[in-house]
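So the sequences go chain by chain: A and B. This note's numbering puts the first residue of the first sequence at -15, with every later residue one more than the last. This note's numbering puts the first residue of the second sequence at 2, with every later residue one more than the last.
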Amino acid sequence: MIEIKNITQAYGRNKVLDDVSFAIHDSAVTALIGANGAGKSTLLGVITRLIPYISGEVYIDEHEIKSMKTKEVAKKVAILKQTHHLGVRVAVQDLVEFGRFPHCGGRLMDIDRQKVEESISFMDLDNIRDRYIDELSGGQRQRAFIAMILAQDTPYIFLDEPLNNLDIRYSVEMMKIVRSLVQDLHKTVIVVLHDINFAAAYADYVVTMQDGKIVSHGKVDEIITKNKLDGIFDYDFNIIEHQGRKVCLYFDSNEKDSLA
Amino acid sequence: MRDKIKNLIKLYWKRILIIGAFVILTIISLAIGALDVVNFKDLFAGNELSWKILWTSRVPRTLAIILSASGLSVAGLIMQSISRNKFMSPSTSGTTDAAALGVIIAFIALGDQPGIIQTIFAFLFALISTMAFMSVIKRLKIREIVYIPLIGIMYGGLIAAFTQILAYRFEALQMMQAIGLGGFAKIGSFATVYIIVVPLILSVIYSSRFSIIGMGEDFSKNLGLRYNRVVFVGLLLIALVSASSFVAVGQLPFIGLIIPNMTASFYGDNLKRSIIDVMFFGADFVLICDILSRVIIAPFEISVSLTISIIGGIIFVIYMIGGIRHGKQSQRAAQRK
Ligand SMILES: Nc1ncnc2c1ncn2[C@@H]1O[C@H](COP(=O)(O)OP(=O)(O)O)[C@@H](O)[C@H]1O
Ligand SMILES: [Mg+2]
């Protein structure tokens, strides 16, 4: 289990995380939502030790991360950030092999090769394993990066806006993959999403953030309510139910009339 | 068995080609020279003079070529990976010029010194200058990376001018001349070139790490890599190669830029896969330049630095034009959006 206790992080005077505490549910998808600049990326960075924090504690399976070795953290948590790897000519297979680095330090043993193979076939990358990642479509590239993280073989996976730059078909495919990580591989996944509807449809739990604070945390149905969302996004939502699922309508229902 | 060999050839034909060329070029490089006492007949007959010339002059000379060429190619490769910028290299970012400054300062402060002391000074100056240059470039956030080697060359020019002034002021101009002109003819001063073996071996050991670093800081940290430490090791290797090759043979411009780029078009950017080939390909390139320098106007020879400047310069310009075109294309694409 991952527990975050009283984390505070600031850049200069600007408090980006303000006394954040919560525990992440194991073997579930937790969606992290909130407006731009709410501190979502910073929070993920802090938990995965990309960013040092000012005060507080992060426990991964009861170990405080500051007391853990870098390699040990990398065997527990993996994070995929939205960076552009344009012009990097690395083959899919090589990328997935990078994922084994915390385990083998770059010299692959049989167990490492086996994990690489498993990840490649789980993400259905067999036929493009020799292609360079900068030649792939957005969806394929994202799958290649997920395969790398699978090869890293961590129980906890953090995805920062994995649906950026993906069209709808690939976004749905991606969220299905996220679900299968939990269902088939029993991973714990925390995913930052912009589109609340994806959170509503695919997450088990939702954490909402605003101005560096956690506003609410709970089961999907408890959080995706007009009451809660309006405050967080400072917007007048219209939430309907369709086939038992909640759907947020973003557009202003009066817009058309006023234009006409 | 035959299938196995076929398979190996299919997998490794590029490497076989590069190493095959390397062996042939090495033999040619050893075979040509002002004295024709060194020939196969005499060597086989056990002619003592022939062997002596081979060992005391030809072999160190060829080794110096191979080691400095391989070293500079790998240094460029590492530099490009660390900075995530294809247009970085020791000779286009002031590193070599800083090494020269170090040598002159050693001379001014301590007088005539053996190669090893010169190398230590050259190393320290190269290291500091490279760190400064790379952190400034990172901060400037230049959109068109094509301009970075141009900025680097200007920066190197500034250092070179300062070195010139110092040399003039302290009457070290002759010293300057002696070290500045790259040439493999300075028999007997090659001792420091063997230092390059150390960074070559280390770079192979670190090749996976450098590849991962090339994917970005967060990416590396996610995999448990100590980013800053690996970058620092890379800078140490770059400075060490630049310093010892400069003290031994002088400047070999463009090698660190064009060799990794040419190799990358066949092998991609995974250093673990390409580093051996980069070493041999760099050696091939400089061996060819050296052989040309010595046969074109035989029995005289052109400075190898000059030959490399001409051939390397042409290839460099081609890459630059490609880079500018590419930049314009992506600009246009951005405008369309
Ligand atoms: N390296 C940094 N230096 C200064 N301010 C930063 C830095 N990174 C993030 N911030 C600030 O922290 C706040 C939260 O950023 P971030 O965590 O990226 O938000 P989100 O991911 O929710 O959009 C923003 O106001 C941003 O400007
Ligand atoms: Mg963010």
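Beta carbons: idealized from backbone N, C-alpha and C, even for Gly.
What does residue i touch in chain A if you count any residue whose Cβ is under 9 Å from its own?
i, result
"B:R210", "F85, G89, G90"
"B:R227", "T54"
"B:I213", "F82, F85, G90"
Hey, out of the options, whose CA is closest to residue i's CA?
i, options, result
"B:F281", "B:L238, B:G225, B:K7, B:I17", "B:I17"
"B:A76", "B:A133, B:V232, B:L307", "B:V232"
"A:G122", "A:F142, A:N149, A:T138", "A:N149"
"B:Q175", "B:K142, B:I154, B:I105", "B:I105"
"B:L125", "B:L241, B:G324, B:L272", "B:L241"
"A:T32", "B:S221, B:G257, B:K273", "B:S221"
"B:S304", "B:L288, B:F317, B:I315, B:I316", "B:L288"
"B:G153", "B:S136, B:Q165, B:I214", "B:S136"
"A:E255", "A:R91, A:S164, A:M132, A:V173", "Past the boundaries of the shown model lies residue 255 of chain A; chain A is included only from -15 to 244, so the question cannot be answered."
Using a cut-off of 8 Å between C-beta atoms, extract the partners of residue i located in chain B.
i, result
"A:T67", "G217, D219, F220"
"A:D2", "Those do not exist, as A:D2 stays about 23 Å from chain B at its closest Cβ, beyond 8 Å."
"A:A62", "N223"
"A:A75", "G269, N271"
Can you list the residues of chain A that residue i reaches, using a CB-CB cut of under 7 Å?
i, result
"B:N8", "In chain order: nothing, as chain A lies at least about 16 Å away."
"B:L55", "Correct list: empty, because the minimum Cβ distance to chain A is about 39 Å."
"B:N48", "None at all; the shortest Cβ gap to chain A is about 47 Å."
CB of residue i to nearest heavy atom of ligand 1: below 7 Å?
i, result
"A:G23", "yes"
"B:T346", "Coverage of chain B is limited to positions 2 through 338, which leaves residue 346 of chain B absent and any answer about it impossible."
"B:M217", "Here residue 217 of chain B is Gly; the residue named in the question, Met, does not match the sequence. No, Cβ of B:G217 sits at least 7 Å from all heavy atoms of ligand 1."
"A:V175", "no"
"A:V4", "no"
"B:S228", "Note that residue 228 of chain B corresponds to Tyr in the displayed sequence, not to Ser. Answer for B:Y228: no, Cβ out of range of ligand 1."
"A:Y(-5)", "yes"
"A:V0", "yes"
"A:N20", "yes"
"A:T26", "yes"
Use the C-beta contact count for residue i: other C-beta atoms within 10 angstroms, 16 or more gives buried, fewer gives exposed.
i, result
"B:Y320", "buried"
"B:T93", "buried"
"A:F235", "exposed"
"A:D114", "exposed"
"A:I104", "buried"
"A:E46", "exposed"
"A:Y37", "buried"
"B:N223", "buried"
"B:K87", "buried"
"A:H201", "buried"
"A:E119", "exposed"
"A:G23", "buried"
"A:G21", "exposed"
"A:Q227", "exposed"
"B:P254", "buried"
"B:P261", "buried"
"A:I224", "exposed"
"B:T57", "exposed"
"A:E81", "buried"
Taking Cβ-Cβ distances shorter than 8 Å, what residues in chain A pair up with residue i?
i, result
"B:I260", "Near B:I260 there are no residues of chain A at all, since even the closest Cβ is about 16 Å away, more than 8 Å."
I'd like to confirm something about residue i: is its beta-carbon nearer than 7 Å to some heavy atom of ligand 2, or not?
i, result
"A:E206", "no"
"A:Y145", "The sequence shown places Glu at residue 145 of chain A, not Tyr. Checking the Cβ of A:E145 against ligand 2 gives yes."
Who are the neighbours of residue i on chain B, taking C-beta pairs under 9 Å?
i, result
"A:L34", "E218, D219, K222, N223"
"A:A58", "K222, N223, L224, G225, L226"
Compute every distance between the C-beta of residue i and the non-hydrogen atoms of ligand 4, then say whether any falls below 7 Å.
i, result
"B:Q252", "Ligand 4 is not among the ligands present in this structure, which contains only ligand 1 and ligand 2."
Does any residue of chain E bring its CB to less than 8 Å from the CB of residue i?
i, result
"B:G324", "This model lacks chain E altogether; the protein chains it does include are A and B."
(request) With 8 Å as the C-beta to C-beta threshold (strictly closer), list the residues of the region 97 to 119 of chain A near chain B in chain order. (result) Y116
(request) Please name the residues in the region 132 to 161 of chain A whose beta-carbon is closer than 8 Å to at least one beta-carbon of chain B, in chain order. (result) Q136
(message) Give me the subset of the region 140 to 173 of chain B whose CB atoms are less than 9 Å from a CB atom of chain A, sorted by chain position.
(response) none
(message) Using a Cβ-Cβ cutoff of 9 Å, what residues of the region 262 to 292 of chain B are near chain A? List them in chain order.
(response) A265, S266, Y268, G269, D270, N271, K273, R274
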